[in-house]
Amino acid sequence: MYTAKLKQVYFKGTIYGVLFNFQGQLEAIGKALQEKPYNEPPKRPVLYIKPRNTLNSHRKPVVIPKGESEIQVGAALGVVLGKNATNVSVKDAMDYVDGYTAVNDVSIPHYNFYRPNIKNKVRDGFCPVAPWIVKRTGVANPDQLQIRVYVNGELVQENNTKNLVRSVAQLVSDVSEFMTLIKGDMLLVGVPEEAPLAKAGDEVRIEIDGVGVLENNIINEKDTFTGGDS
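Plus 3 on top of the position in the sequence shown (first one is 1) and you've got this note's numbering.
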């Protein structure tokens with residue numbers, strides 16, 4: 004398996020998250036998607052952006068903002084684009100993928116599932132990314148990867164990308180149908196249902212088979228020092 008170091012400068016593009024891309028997540032919501040404002044399950048990927056201020060690193064702290072007591076851990080497979088993709092077919096979609104990495108799509112817990120609750124997902128440091136990518140050719144099947152989340156060494160969540168609503172190829176194709184994905188962009192394929200919670204003092208570890216490990220400790224904002232004049 005060939006791996007390449009992934010530096011932060013690599014991300015010259017945009018990181019996109021996707022809602023409702025795990026079967027269990029759709030099943031958990033159930034009939035609610037038949038009500039307003041959707042009236043039916045979405046027919047196209049529901050996207051949101053993790054802007055550059057959210058970027059964080061392996062073994063760096065994730066800060067819980069003031070007024071909050073915990074964060075939600077969002078274990079996600081990151082699909083890195085190797086070249087620009089516009090209206091690509093499912094058959095050709097994988098040719099546009101450079102590789103894969105492990106990501107924690109952190110958010111403040113919320114219960115508004117109708118649309119991405121942006122203010123709860125874009126806090127500083129809310130997108131830790133593993134320090135490497137695994138080249139596309141190093142992963143036999145990205146739609147058969149086991150995902151595990153540990154908090155303080157205890158397994159608290161386990162799922163598999165075989166449970167995706169849209170496969171990796173289908174997701175790349177569907178998104179590129181209405182917008183061009185740029186080389187260096189990253190698609191997060193989705194966060195499994197029942198995402199675990201973590202509080203200050205916890206150690207979070209995400210494992211994706213064949214892709215890698217991502218570890219972060221959780222701290223309170225009051226425990227950080229931002230500098231400034233005394």
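For glycine and all other residues, C-beta sits at the position ideal for the given N, C-alpha and C.
In this structure Asn107 touches Val207 by the C-beta definition: roughly 7 Å separates them, less than 8 Å. Contact fails between the segment 143–154 and the segment 64–74, because fewer than three Cβ pairs, one in each stretch, are under 8 Å apart. Listed in chain order, the non-local C-beta contacts of Val93 below 7 Å within the same chain comprise Ala172, Gln173, Ser176, local neighbours out to five positions each way being set aside.
By the criterion of a C-beta distance shorter than 6 Å, Gly81 is surrounded in its chain by Thr104, Val106, Met189, Leu191, once the five residues flanking it on both sides are discounted. Ile136 is a Cβ neighbour of Val83, given a cutoff of 7 Å. Exposed is the label assigned to Asn56, since fewer than 16 other Cβ atoms lie within 10 Å of its Cβ. For Ser110, the closest C-alpha among the options Asn220, Gly128, Ala96, Val100 is that of Gly128. According to the DSSP secondary-structure assignment, Ala105 is paired through a beta bridge with Leu80.
The Cβ atoms of Gly20 and Gly187 do not sit closer than 7 Å to each other. Arg47 sits exposed, since fewer than 16 C-beta atoms from the chains shown fall within 10 Å of its C-beta. Taking each of Asn220, Thr183, Glu38, Val216 in turn and checking the Cα distance to Ala79, the smallest one comes out for Val216. Taking the Cβ atoms as the reference, Gln160 lies roughly 14 Å from Asp212, outside the contact range of under 8 Å. Judged by DSSP in its simplified three-state form, Val93 adopts helix.
The Cβ atoms of Ser179 and Asn90 lie closer than 7 Å to each other. Between the alpha carbons of Pro68 and Pro195 lies a distance of about 24 Å. Going by beta carbons, Val65 and Ile221 fall inside the 7 Å limit. In the structure shown, the three-state DSSP call for Val175 is helix. About 36 Å separates the Cβ atoms of Pro131 and Asn42, ruling out a contact at the 8 Å cut-off.
Beta-bridge analysis with DSSP links Glu218 to Arg208. Residue state for Gly20 is assigned as strand, using DSSP reduced to three classes. In this structure, DSSP gives Tyr99 a helical state, which the three-state scheme calls helix. For Ile32 and Gly141, the gap between their C-alpha atoms comes out near 35 Å.
CA-to-CA, the gap between Gly193 and Asn223 works out to about 26 Å. Pairing Pro112 with Val152 gives a Cβ-Cβ distance that is not under 7 Å.
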